[in-house]
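Residue numbering for the sequence shown follows UniProt numbering, beginning at 1 and increasing consecutively.
Glycine is no exception: its CB is placed at the ideal position from the N, C-alpha and C atoms.
From a predicted model like this one, the values you see are computed outputs, not experimental measurements.
Before any comments, here is the structure.
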Amino acid sequence: MLVAALGVIGFAAYVKMAPGASHVPEPLRRPAIESPVGNLPSSPRRHSAGPDVKVDSHTDPDLKVPAVQGNDVKLAHSAGKVPDGVKPMVFLANATLESLKIEKAKALGVEIKDRNALVDFNPELEKGYGSTEEGQLIKALQMALGQFPDIDTFQIVIDGKTIDSLGQIDLSEPISVIRPDGTEAKPPSTKPDEDPASRAPN
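What follows is the structure, given as structure tokens:
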């Protein structure tokens, strides 16, 4: 009996003195579950990425809507959640038109070919603009589409045809997008120092 009692006391002392005895051993802990957001299939229903997780343009990125501030166009407020079944590029293009108060004009679709986005609009986009208003529209679209890494340039399509101008600015060549950091992706056909807004006919 004495030996058994000493054995119990010794075992209790060992448990009490053993380092980390009050914690669950590491091998027995339930591993934390990490969501591999970057490897998820393209789905408009995936909206659970944390603030430090990068997502591609086909999930639900934190898109910013361009807006006129003073005499310039800048990325302003968040566009919010992309609705299910809507392409983020189309969603942001329409949010941009709304921000610029261009009524009745609507983006219908976007097709990307060789990093050039063909943005299809309804005919209401050709309503007629002053040079300042048209320049703001083009820059806003540059900044909106520049938030998608797979787009370097874009063209405006109406009734199935790319348009050469909305009245003032030459749009016959693909227009480079503007990244969120302010850098511009130059299309191969333009010179390095050329500003698309400066291509208005004399």
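Asked, Found
"Contacts around residue 116, its chain only, beta-carbon distance under 6 Å, and the 5 residues preceding and following it disregarded", "153 and 174"
"Cβ pair residue 92, residue 118 closer than 8 Å", "no"
"Chain-order list of residues whose beta-carbon lies under 7 Å from that of residue 143 (same chain, five-residue window excluded)", "66, 73, 75 and 178"
"Coarse secondary structure for residue 116, derived from DSSP in three states", "strand"
"Rounded Cβ spacing between residue 126 and residue 158 (contact assumed at less than 8 Å)", "6 Å"
"Residues near residue 172 in its chain [Cβ-Cβ closer than 6 Å; skip 5 each side]", "164"
"Rounded Cβ spacing between residue 145 and residue 100 (contact assumed at less than 8 Å)", "Actually they are not in contact, since the Cβ atoms of residue 145 and residue 100 sit about 14 Å apart, beyond 8 Å."
"Distance, residue 160 Cα to residue 186 Cα", "25 Å"
"Option nearest residue 97 by Cα separation, candidates 184, 141, 155 and 109", "141"
"Within 8 Å, strictly: CB atoms of residue 121 and residue 105", "yes"
"Residue 169 and residue 135 closer than 8 Å at C-beta", "yes"
"Cα-Cα separation between residue 90 and residue 112, rounded to whole angstroms", "12 Å"
"Given residue 87 as reference, the closest of 107, 114 and 124 once Cα atoms are compared", "107"
"Simplified DSSP assignment, three categories, for residue 85", "coil"
"Three-state class that DSSP yields for residue 141 in the structure shown", "helix"
"Within 8 Å, strictly: CB atoms of residue 167 and residue 128", "yes"
"Which of helix, strand or coil DSSP assigns to residue 95", "helix"
"Own chain, CB closer than 8 Å to residue 78, minus 5 neighbours either side, in chain order", "62, 63, 64 and 65"
"Limits of the beta strand (DSSP E) - the one that residue 153 falls within", "153–158"
"Cross-strand partners of residue 165 (DSSP beta bridge)", "170"
"Start-to-end residues for the beta strand (DSSP E) that takes in residue 66", "64–69"
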